[in-house]
Amino acid sequence: MSSRPSPRGSIRFLLVGGAVLAVGLLGLAFWPSDSKPEPVPQDALLERAEAALQSREYDRVLQLTRDVDPASDEWPRARMLAGEAATRSGQLQQALEEYGALAEQRPDTTEAAEARFYSGEVYRELGQLSQAVDAYRQAVMIAPDNVAIHERLAFLLSTVGNRWEAYRHYGVLVRSGSATYVELALFADLERPVEQRPFLEECARKAPDDVLVRQGLAAHTLWEGKADAAERQLRDLLEDRPDLPAAQAMLGELLVKGEAGPFLRWHSDVPAEATGHPDVWYVRGLWLRRQGDLRGAAHCLLTTLQLAPTLRRATVQLGQVLTSLEEPEAEAVAEYADRLVQLTQTIDAILRTEAEKEDVLRQAVDLLVRTGRIWEACAWGVVARGRFPEAAWPEELFERWSGLLNPQLPVVLEQAGPLSVFDVAEFPLADTLFRLPDSSPESASRSEGTAAKIRFEEADAGIDFVYFNGNEFFDHRFDRPAGTSEQQPRGNRQFEQTGGGVGVIDYDLDGAPDLYLTQGTTWEMGEQEPGPTPEFTDQLFRGYGPDGFATVTANARVRGVGFGQGCTVGDFNNDGFPDLYVANVGRNRLLENMGDGTFVDVTDEAGLRHDEWTTSVLLADLNGDGVPDLFDVNYVRGPQVFTAICDGRACSPSVFDGCPDRVLLGRGDGTFAAASIEAESDNSKGLGIVTLFPREQSLPSLFIANDQTANFFLQPPREAGEPFALTDAAFLTGLAFDVNGTALACMGIAADDIDGNGTTDLFVTNFRDESNTLYLQDPPGLFLDATTAMGLHSASVPYVGWGTQFLDADLDGDPDVVLVNGHVDDYRDEGGEYHMRPQFFRNRGDGRFDEMDAADVGSWFSRKFLGRGLARLDWNRDGRMDFAVSNIGDRASLMTNASESVGHFLNIRLHATATARDAFGTRVTVTAGDEERTRTLLAGDGYMASNERVLQFGLGAAESADIRIEWPSGSVTPLEDLPVDVTVELVEGRAVGILWRGAEPEPLPVPAETIPVP
């Protein structure tokens, strides 16, 4: 690979800030004498003009060059000198005239290419990016091997969102052998945003109507996660210029996760010239995947990769779709997609370290070779050879592969890519799926007409509790760190950052939810495990409905021993009384509810002797034998976990080993036996957990939010009779990473069907400078990161998110989302935050969420906390869902839903008889008016939490409802014409009663029949 010949050396320019600094000598000239009227030789004019340019006499340069004869050989050089003088003196329109005259008079010449290039430079300085790109395009048509022009086009096109047009120009830079590591990184992962907002805003100040400037700003708004603003910008732009393929694709991707009408109108309006764009085909594939037409989706995704063979997201989606279709080559495509995701992560590391780590560059080269991208691999080898001259492997790379390098070698070797074994024709495309229905309604919220005012108020209801995290400088009695004005906290140890948990349990079966809050304890430096301290213990608060709570910890005999983390509620022995399973830093505890208002610690009897750091726990029947099982989500391990003082770096989970999770299967006699988990142990740094119940599986799957490593989606055996083991399928289902293939610092999980398609979606909270992630499940078993399109990206970036839950605050049928935030250590000295405010996002019902301001949703949302566990409950039994939060170093928050003008509701409590009594996995479909909603009773409930075991359906203005209950055993219970604003309590096979708001149960007729599911 030869070095780049000269243009980058002879044509130098500054990208940052938009300045045009065209420098260098353009030739020699003479200028006619001022004292003699007779003609002067042309070369003398140029010599004098050059001298004037050197002395910055720009007007004189313009005067001298005007006298050069257009027919002479010196005229092109004169025009270039004049253009440079005009540029340097700020006479940019004059510069364009000079360069334009040369390009028109001497077309298809090297001089014309140079003039076009410098016209592009001037247009760029004027902010007129559309004209700049046109000028560069004309220049590169004349000089197709000039890498400086390709460099300009690659930068500008990727900056304004035309990444696939930029792709060709980056390819020229790669083949030239002198691409910078930044250019190689962008080519390797072209879906990576090129963030240049200040540059674009300066262009917009100068040329506000420029089409590419407008598109670039819209692209940046989209990349920043501001979905509504991006949609407005794109619609305004496309109204003027519908022929912009990249803008059309961006708008389509915003609409594909929403309602059918707006998307199908977009699709029908896309002009023919935009239909060949790879991202348009990618969006089509996403739409068909949502509709369940997996073969049509495969057609679109294969077409996408024919146009753009390195598109990571399309490859990942294709692997998922083909796996669902059980295509024989699906595994190979999925493995290829996994390598692309690994490449993205490696490119992240290269950019973070500025290509100064040899092992990271070598990993990138290895992945490029394994994905058949030989040109790029060798180009990275050139970079590595320059930076690490002692390394032998770059030369070995060239020896092996340089013989293949020729102009005909494609970017991706045909036999290495995912297209080699597939024919698009094998996956027919049904055009009818894209046809706009005759009466497809405009996007509108299902809550239209309710005019509810969402508001929450903090209740003073007897929950007097403060989570103590073991930090001796935290005064657990007050709402702030002790002595914040007198002394600085000394920093947190790793285990002091995560607690504590919130569990909702009706332990006395009186219908009023009770609260269990886990507690930390003192932990002196150097201790391997904390001892019991009577001052710090878990607390159980009995609920009395609207009358509040009272502490019953001592009477119920639940005084905790250990450093408390999360907790879960479930009936581990199927005796009808809910039990508690408590996670600790150290040994966990199983508390059996004796049915008389007390609990007994049966940890020893159950054989639970493990002492890992468990964050969240789950209690549910995982293997379908009717006996509930236990699952421990473990975090990190190592002696430094309990001694290292964190400063934001020392305690990153990346510096500790992961602690493998543990599944314990119930034997039916109160004891448990370990089962296998087939997942990457290095990734076992879990914080949150929730069960999911795919329709095609009889057993639950488990989603585990891991910290800075790929998430887990653990699935049970598919075939009956197989030994029970859980196998990770997170990558194939789309849950391992975010849309960019990045493993985030995942913590909290909220689970519900937020888009009304009958499948459970997931919302996952993440660390500061990362967006929280919303995974939509479309179709069943496949998940798509829809965070940006749903309007949930940008608002979360400044925060460290923890506990979160979906709840329908206004009872309009569309679940809203609440979450709490708080940093892991004190960054106020560095201009950052420690305590952080919570957030509430209202579901508009049209595929978007809006964050509500504290002035509207309640003053509690303006206060700052170290919020951790968050659980959902209706503590005062008024039908409006509330929530409880455990805060480090601050009183626990019990938030009352005080929303006004809300819709009607229907609550359902379930008790199975043919399977485990908790009835996890039961699907309930409620039909009210024209709306149908399906929810599944889940276990786990996210981050260190256990929700009230009730399924709530917001009904809006509906006055009655029909329900259909599909039990895990396969039996079905139908009930018709139920009243609204009630809680229905059902035992499998018969109805027990209706609990009205605050009233005694009333009998409900037994359903007419129990129908087995075919």
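Under UniProt numbering, the sequence shown has 444 at position 444, and the numbering climbs by one with no breaks. Ideal Cβ placement from N, Cα and C applies to all residues, glycine included. Being a predicted model, the structure only gives us computed values, none of them experimental.
Paired residues, beta bridge with residue i - DSSP
i: Y467; result: I888
i: F549; result: G543
i: Y581; result: T568 and L590
i: M836; result: F865
i: M80; result: In DSSP, M80 forms no bridge with anything.
i: Y775; result: L762 and D785
i: V617; result: D632
i: F703; result: V690 and F713
i: R842; result: D850
i: P979; result: S960
i: L906; result: F953 and V982
i: D882; result: L873
i: I505; result: D514
Residue range of the unbroken alpha helix (DSSP H) whose run includes residue i
i: S158; result: V147 to T159
i: F642; result: From DSSP, F642 is part of no alpha helix (DSSP H); its letter is neither H nor E.
i: V817; result: Segment D816 to N821 is the beta strand (DSSP E) holding V817; no alpha helix (DSSP H) there.
i: A745; result: First-last for A745: undefined, no H or E at that position.
i: Y336; result: A330 to R352
i: L367; result: E358 to R370
Chain-order list of residues whose beta-carbon lies under 7 Å from that of residue i (same chain, five-residue window excluded)
i: E448; result: Low confidence applies to E448: its pLDDT is 47, below 50, so where it sits in the model is not reliable, and the reading given next is rough at best. Cβ neighbours of E448 beyond the five flanking positions: none.
i: G586; result: E529, G562, F563 and D611
i: D292; result: At residue 292 the sequence reads Gly, which differs from the Asp that was named. The residues are P779.
i: R175; result: W375
i: G858; result: R455, F456 and E457
i: L53; result: V61, L81, E84 and A85
i: R232; result: none
i: W287; result: V256 and F263
i: A898; result: R455, F456 and E457
i: G381; result: V365, P394, L397 and F398
i: I350; result: Y181, A185, V360, L361 and A364
Span of the beta strand (DSSP E) around residue i
i: S176; result: S176 -> not in any beta strand (DSSP E); alpha helix (DSSP H) instead, spanning R163 to S176.
i: L129; result: Run containing L129: none in the beta strand (DSSP E); it sits in the alpha helix (DSSP H), L129 to I142.
i: S676; result: F672 to E678
Coarse secondary structure for residue i, derived from DSSP in three states
i: W967; result: coil
i: I994; result: strand
i: T110; result: helix
i: N683; result: helix
i: V68; result: coil
i: T87; result: helix
i: A725; result: strand
Spatial distance of residue i from residue j (CA atoms)
i: V283; j: L429; result: 14 Å
i: D279; j: G161; result: 11 Å
i: G403; j: G177; result: 15 Å
i: L608; j: F763; result: 32 Å
i: Y834; j: Y799; result: 10 Å
i: T614; j: A679; result: 17 Å
i: V502; j: R589; result: 15 Å
i: A705; j: F737; result: 10 Å
i: F861; j: C567; result: 25 Å
i: G417; j: L294; result: 21 Å
i: F912; j: V797; result: Checking the sequence, you will find Ala at residue 912 rather than Phe. For A912 and V797, the distance between alpha carbons rounds to 42 Å.
i: V636; j: G688; result: 14 Å
i: K36; j: G100; result: In this prediction, K36 scores a pLDDT of 46, lower than 50, which makes its location untrustworthy; no coordinate-derived value is stated.
Cβ-heavy atom distance, residue i to the ligand ATP, below 7 Å
i: D890; result: In terms of ligand content, the structure shown is empty, and the ligand ATP therefore cannot be addressed.
Contacting residues, own chain, Cβ-Cβ under 8 Å from residue i (five flanking each side not counted)
i: L322; result: A298, E329, A330, V333 and A334
i: L873; result: V504, P513, L515, M881, D882, F883, A884, N947 and E948
i: T733; result: Q320, F713, G781, L782 and F783
i: D423; result: none
6 Å CB neighbourhood of residue i in its chain, flanking five on each side removed
i: P723; result: none
i: A1008; result: In this prediction, A1008 scores a pLDDT of 44, lower than 50, which makes its location untrustworthy; the coordinate-derived value is nonetheless stated afterwards. Within the same chain, A1008 has no close Cβ partners at all.
i: L699; result: G624 and P716
i: R891; result: V466
i: L819; result: T765, G801, T804 and Q839
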